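Residue numbers (the numbering used here), protein chains in the order written: chain A, 1 to 81; chain B, 1 to 115.
Laid out in structure tokens, this is it:
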């Protein structure tokens, strides 16, 4: 029984953050919505992982595409020094 | 088969206002000449670029939505690449969700988005 308790403690995970896009029922993430996309890139301009942003897989995929498009037309940086 | 497309391009910042309208109409007219249906052109105005392009840090943004077949759209992309006044261009296909979101945004608030 002791092992079971120990394991339960070890397996405890931080609470899953809710996906902000799901909360909005977003069906589309627009690459022109710079203000929104900015929240999901790091200081260096990298896309934040799901682990940090808390996005669901579906919305993270859409976000990735939107960020990459925004970079092409210079709305977002590829790199920030 | 026709598809809805959206093309965003950046014009050189040193163009005068009348020159900008001249360029944008020239681009949409060329597209119409190829049998495309232009659904709308939106000028987002002069914005700061996130990085330097052609040694400048600003650009005049224009967004155009149109309906055409794939070869016409690709020809437009090629032409924009050759155009000296166009610094960058991004052609994307609009899916049904993007169209719906676009419509909802247009009816809710006409002013252009973000800075």
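The beta carbon of each residue, even a glycine, is placed where N, CA and C say it ideally should be.
Computed from a prediction, not measured in an experiment: that's the story for all the values here.
Query                                                                                                     : Result
Secondary structure of residue 12/B, DSSP reduced to three states                                         : coil
Cβ neighbour criterion (16 or more within 10 Å) applied to residue 65/A                                   : exposed
Alpha helix (DSSP H) segment containing residue 21/A, residue limits                                      : 20 to 23
For residue 27/B, the three-state DSSP class (helix, strand or coil)                                      : helix
Option nearest residue 32/A by Cα separation, candidates 44/A, 13/A, 49/A, 63/A                           : 63/A
Rounded straight-line distance, which links the Cα of residue 35/A to that of residue 113/B               : With a pLDDT of only 48 at residue 113/B, under 50, the local geometry of the prediction cannot be trusted, and the value read off the model is given with reservation. Approximately 9 Å between the Cα atoms of the pair.
Residues that residue 48/A contacts on chain B, provided the C-beta gap is smaller than 7 Å               : The premise fails here: residue 48/A is roughly 17 Å from chain B at the closest Cβ pair, so nothing lies under 7 Å.
Residue 30/A: contacting residues in chain B (beta-carbon distance under 7 Å)                             : 101
Best match in 23/A, 51/A, 29/A for proximity to residue 13/A [C-alpha to C-alpha]                         : 51/A
Through-space distance from residue 1/B to residue 21/A, alpha-carbon basis                               : 32 Å
Residue environment, residue 30/A, which counts as buried when at least 16 other CB atoms sit within 10 Å : buried
Limits of the unbroken alpha helix (DSSP H) element including residue 35/A                                : 34 to 38
The alpha helix (DSSP H) enclosing residue 70/A, as first and last residue numbers                        : 57 to 72
Per-residue DSSP class, three states only, for residue 17/A                                               : coil
Beta-carbon proximity check, residue 78/B vs residue 6/B, cutoff 9 Å                                      : no
Environment of residue 82/B [buried if 16+ CB atoms lie within 10 Å]                                      : exposed
Residue-chain proximity (residue 73/A, chain E), Cβ-Cβ < 9 Å                                              : The structure shown contains no chain E; the protein chains it does contain are A and B.
Helix, strand or coil at residue 42/A according to DSSP, with G and I counted as helix                    : coil
9 Å Cβ cut-off: residues of chain A touching residue 62/B                                                 : Those within 9 Å of residue 62/B in chain A number zero; the least Cβ separation is about 11 Å.
In DSSP terms, what residue 119/B is bridged to                                                           : The structure shown does not extend to residue 119/B, since chain B is modelled only from 1 to 115, so the question has no answer here.
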